[in-house]
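Chemist:
Numbering (the UniProt record's numbering), first residue to last: 1 to 167.
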């Protein structure tokens with residue numbers, strides 16, 4: 001008998017599982033860019049707990065296990081910044097990242113708060129770029145960090161609505 005994945009708001013008790021999952025998920029990014037000092041790999045448990053208190057953090061659970069997570073905040077100008085969308089490697093390529101992205105957009109857009117959604121990824125992170133484009137995001141700027149990394153920022157208007165599957 002299989003279990004279904006449920007998405008809900010994270011609680012303070014999820015912080016340690018989120019941190020461990022984040023560390024696992026960002027190994028491939030660190031390898032891709034040859035940099036194991038990236039912030040997701042050095043973030044502390046205290047810092048994650050602060051993010052839980054400050055913004056919206058969603059988790060996807062398979063039973064009691066946190067298998068995916070995403071974070072977001074909305075600034076005073078109405079820009080919703082989405083970050084650290086992570087999915088356990090064994091759960092990838094099954095649509096869970098897209099479900100979480102849709103869920104955080106809905107959460108941040110409640111009450112018309114978010115006017116626009118914005119997120120970023122590295123220029124070599126092709127699967128991330130593909131997922132974001134599929135969900136209506138378009139590149140709006142790039143910033144060269146060093147010889148190994150250029151950060152690509154993507155955005156879409158909140159009016160673009162939720163992702164609709166096309167034939």
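Yeah, the Cβ is synthetic: ideal placement off N, Cα and C, and Gly gets one too.
1. Can you give the Cα-Cα distance for residue 96 and residue 70, rounded to whole angstroms?
2. Can you tell which of 130, 134, 124 has the C-alpha that lies nearest to the C-alpha of residue 148?
3. Give me, in chain order, the residues of the same chain whose beta-carbon lies closer than 6 angstroms to that of residue 166; leave out the 5 immediate sequence neighbours on both sides.
4. Quick one: grab the DSSP three-state call for residue 86.
5. Taking buried to mean at least 16 other C-beta atoms within 10 Å of its own C-beta, is residue 45 buried or exposed?
6. I'd like to know if the segment 53-60 and the segment 10-25 are in contact, where contact means that at least 3 CB-CB pairs between them fall below 8 angstroms.
7. Alpha helix (DSSP H) containing residue 102: first to last residue?
8. Whole-angstrom Cβ separation of residue 121 and residue 108, contact assumed at under 8 angstroms?
9. Helix or strand or just coil, what does DSSP make of residue 155?
10. Using a threshold of 8 angstroms, state whether the C-beta atoms of residue 153 and residue 118 are closer than that.
Modeler: Walking through what the data contain:
1. 11 angstroms
2. 124
3. Note that residue 166 scores a pLDDT of 39, beneath 50, so its modelled location is shaky; the value from the coordinates is reported in the next line. Closer than 6 angstroms at the Cβ level, and outside the excluded window around residue 166, lies no residue.
4. strand
5. exposed
6. yes
7. 96-109
8. Not really, about 18 angstroms apart at Cβ, beyond 8 angstroms.
9. strand
10. yes
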